[in-house]
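**Q**
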Amino acid sequence: MSTQDRTGGRSPGTREEFQAIAAKLLAAAQFLQIYPPRHPHVEQGFKELYGQLSEQLQRRGKIQLAVAPTEFLFGSIQIPIDAELLEELAKLLKAAGVQKLEFTAGLEEWETRKFLNLLLLSPDQLWAMGGLSEVIPAEGITHIVASMIKLGAGGTTDPESLFRTWEAYSTGLRLVQSIRGRVRADGTIADVEEAKDFARELVELAVTETRPLLAVQALKSHDDYSYTHSVNVAMITVAIATSLDFPPDHLHDIGVAALLHDVGKELIPLEILHKPGKLDDEEWVIVHRHGRDGARMLTSTPGIGDLAPVVSYEHHLAYHDDLRDDPDWRPHLASEIVCIADVYDALRSERPYREGLAPDKTMNIMEEDVGRLFDPDLFMGFLRMMGYYPPGTSLELADGSAAIAYATNPDDPKRPHVMLVKSAEGRLIDPPEHLDLLQSGPERQITGIADPEKVGVEPLDVL
Ligand SMILES: [Fe+2]
């Protein structure tokens with residue numbers, strides 16, 4: 002049975018397949034830049050690129066690649082831009098303003114050839130012609146689609162700040178990996194300075210523009226909990242703390258503490274941490290110890306400050322029944338914020354035993370614990386900032402139209418500002434139309450969260 006039969010023509014593509022395309026694309030482009038048009042090397046370059054693309058298209062029917070600040074997305078896999086070849090390719094695509102490329106079955110050699118020639122035009126020439134996404138169909142190319150970087154086109158967000166947020170996210174993920182590796186290796190916490198730099202960057206982003214921060218963390222995949230959780234919690238925590246007007250120094254400390262809140266988990270044996278079934282009582286005791294273990298490690302880490310151990314110790318407020326019964330005890334405000342961010346991200350994330358929950362459902366569940374687990378004022382601040390539909394959420398409206406949440410309405414977290422992207426008749430609205438749902442009639446109220454694939458508009462393009 003061929004790959005195509007097994008996957009319905011949608012095998013996801015591998016890292017090696019991406020590397021092969023990247024290498025051929027770059028080689029063909031370089032030959033074209035160095036040699037005269039009909040030189041044998043140029044011909045060879047086209048041929049090999051076309052050969053590679055059509056071979057993969059036969060297996061998959063479609064090849065999608067997108068370039069983000071620090072990684073490529075190839076179908077659904079993320080490939081860090083960590084080699085010269087990939088840096089060169091990213092530079093080439095970004096210079097032409099390309100964010101996404103899609104090749105479909107039926108691709109002809111002349112299309113590949115023409116596309117590459119267009120890709121190498123100067124940015125000024127390209128933009129004068131309306132950008133590559135316009136030029137490609139105008140040239141009759143139907144099996145290659147380029148989507149352009151137009152972040153911020155629909156809204157007020159500076160595209161740079163979305164990119165910068167994305168970059169911070171990737172940096173955070175790498176940092177978490179590195180810290181975890183070291184704790185597992187020798188029980189110490191490394192990268193303290195990097196963690197502080199990361200927190201500083203998050204604070205700057207949260208102060209200048211909260212929306213991209215929320216959108217990026219909301220739109221990033223929630224499918225690898227252990228990997229993304231600490232970064233998500235750090236982002237949400239810093240966003241909440243910033244909205245509460247903490248002084249900058251405190252914000253930095255809170256960011257570091259949030260990033261490291263679960264560092265004690267690295268001392269939990271992997272067979273317990275990844276156990277698919279239910280934990281027994283003894284195993285639960287070990288899991289519950291991670292706050293205390295983290296605090297101990299953090300206390301003996303030079304330069305980390307006083308707050309991180311406190312937050313690590315306290316962040317599972319639910320475990321501290323003993324303390325909560327003590328009328329004189331009150332958890333640190335930072336622990337209370339991290340607790341909110343921690344529960345929110347845990348519920349939103351996919352886990353081995355359940356799917357990740359939608360943002361509105363997550364809020365509904367958390368609201369039941371306000372006053373018990375969550376401080377009412379802090380939670381209200383969080384809700385006003387995040388809303389039921391954080392920026393970037395695709396939405397269905399009552400009349401059958403589709404919209405993307407754009408900014409929360411502090412006066413009504415269930416009715417955000419949105420960008421209308423599809424009419425009730427299913428027609429794409431470009432540019433998207435701004436709607437304040439607080440000011441809109443019943444036909445334009447939210448009836449549910451939509452699948453972005455079905456809506457057919459990339460949420461980040463609209464923010
Ligand atoms: Fe935890």
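Every position in the sequence shown, counted from 1, becomes a number in the working numbering once 1 is added.
Built from N, CA and C at the ideal position, the CB exists for glycine as well.
Going by the CB atoms, is the gap between residue 298 and residue 188 shorter than 8 Å?
**A** Yes.
**Q** How about residue 119 and residue 102: do their beta carbons lie closer than 8 Å?
**A** The answer is no: Cβ separation not under 8 Å.
**Q** Determine the contact status of residue 396 and residue 406, defining contact as a CB-CB distance below 8 Å.
**A** The answer is yes: Cβ separation under 8 Å.
**Q** Residue 52 and residue 32: beta carbons closer than 8 Å?
**A** Not in contact: residue 52 and residue 32 (Cβ atoms no closer than 8 Å).
**Q** Is it buried or exposed, residue 8, if we count other Cβ atoms within 10 angstroms and call 16 or more buried?
**A** Its pLDDT being 35, under 50, residue 8 is placed unreliably by the model, and the measurement read from it follows with that caveat. Label assigned to residue 8: exposed.
**Q** Measure the C-alpha to C-alpha separation of residue 352 and residue 227 and round it to an integer number of angstroms.
**A** Residue 352 and residue 227: Cα-Cα distance of roughly 10 Å.
**Q** Ignoring anything shorter than 4 residues, give me the alpha helix (DSSP H) runs that lie fully in the segment 378-438, in order along the chain.
**A** As far as the segment 378-438 is concerned, it has no whole alpha helix (DSSP H) run of at least 4 residues.
**Q** Here's a check: name, in chain order, each residue in its chain whose Cβ is nearer than 8 Å to the Cβ of residue 434, leaving out the five neighbours to either side.
**A** 420 and 421.
**Q** Distance check for residue 415 and residue 436, CA to CA, integer angstroms please.
**A** Those two C-alpha atoms are separated by around 14 Å.
**Q** Output the boundary residues of the beta strand (DSSP E) element that contains residue 449.
**A** Taken as a continuous stretch (DSSP letters only), the beta strand (DSSP E) holding residue 449 covers 447-450.
**Q** So, for residue 214: in the same chain, excluding its five sequence neighbours on each side, which residues have a beta-carbon less than 6 Å away from its beta-carbon?
**A** These residues qualify, in order along the chain: 166, 206, 207, 236 and 240.
**Q** Going by DSSP, what residue range makes up the beta strand (DSSP E) through residue 72?
**A** Here the beta strand (DSSP E) through residue 72 covers 72-75.
**Q** So what does residue 237 bridge to, in DSSP terms?
**A** For residue 237, which the question treats as bridged, DSSP gives no partner whatsoever.
**Q** Can you tell me whether residue 247 is helix, strand or coil according to DSSP?
**A** Reduced to three states, the DSSP call for residue 247 is coil.
**Q** What residue range does the beta strand (DSSP E) around residue 264 cover?
**A** First-last for residue 264: undefined, no H or E at that position.
**Q** Less than 8 Å separating the beta-carbons of residue 463 and residue 423?
**A** No, they are not a contact pair.
**Q** For ligand 1, is there any heavy atom lying closer than 7 Å to the beta carbon of residue 333?
**A** Not so, every heavy atom of ligand 1 lies at least 7 Å from the Cβ.
**Q** Pairing CB atoms from the segment 243-253 with CB atoms from the segment 266-284, are three or more of them under 8 Å?
**A** These segments do not touch.
**Q** May I ask which residues mark the beginning and end of the beta strand (DSSP E) holding residue 99?
**A** Taken as a continuous stretch (DSSP letters only), the beta strand (DSSP E) holding residue 99 covers 99-105.
**Q** Compute the distance between the beta-carbons of residue 140 and residue 169, then report whether it is under 8 Å.
**A** For residue 140 and residue 169, no; Cβs fall outside 8 Å.
**Q** Put residue 146 into one of helix, strand or coil per three-state DSSP.
**A** Here residue 146 sits in strand by DSSP.
**Q** Under a three-way DSSP split, which group does residue 460 fall into?
**A** Note: residue 460 maps to helix in three-state DSSP.
**Q** Rounded to a whole number of angstroms, what is the C-alpha to C-alpha distance between residue 366 and residue 372?
**A** In a straight line, the C-alpha of residue 366 is about 13 Å away from that of residue 372.
**Q** Could you tell me the distance, in whole angstroms, from the CA atom of residue 317 to the CA atom of residue 198?
**A** Going from the Cα of residue 317 to the Cα of residue 198 covers about 26 Å.
**Q** Can you tell me where the beta strand (DSSP E) with residue 67 in it begins and where it stops?
**A** Note, residue 67: beta strand (DSSP E), 63-68.
**Q** Does the Cβ of residue 281 have 16 or more other Cβ atoms within 10 Å, making it buried, or fewer, making it exposed?
**A** It counts as exposed.
**Q** Does the beta-carbon of residue 345 have 16 or more other beta-carbons within 10 angstroms, so that it is buried, or is it exposed?
**A** So residue 345 counts as buried.
**Q** Would you list, in sequence order, the uninterrupted alpha helix (DSSP H) runs of no fewer than 4 residues that lie entirely inside the segment 266-317?
**A** Correct list: 271-274, 282-289, 291-300 and 308-315.
**Q** Figure out for me which residue from 62, 95, 432 and 146 has the closest Cα to the Cα of residue 69.
**A** Nearest option by C-alpha distance: 95.
**Q** Identify every run of the alpha helix (DSSP H) within the segment 193-218, keeping only runs that are complete inside it and at least 4 residues long; order them along the chain.
**A** Within the segment 193-218, the complete alpha helix (DSSP H) runs of at least 4 residues are 193-209.
**Q** In terms of residue numbering, what span does the beta strand (DSSP E) encompassing residue 190 cover?
**A** Per DSSP, residue 190 belongs to no beta strand (DSSP E) and is neither H nor E.
**Q** Could you tell me the distance, in whole angstroms, from the CA atom of residue 42 to the CA atom of residue 30?
**A** Roughly 11 Å between the two C-alpha positions.
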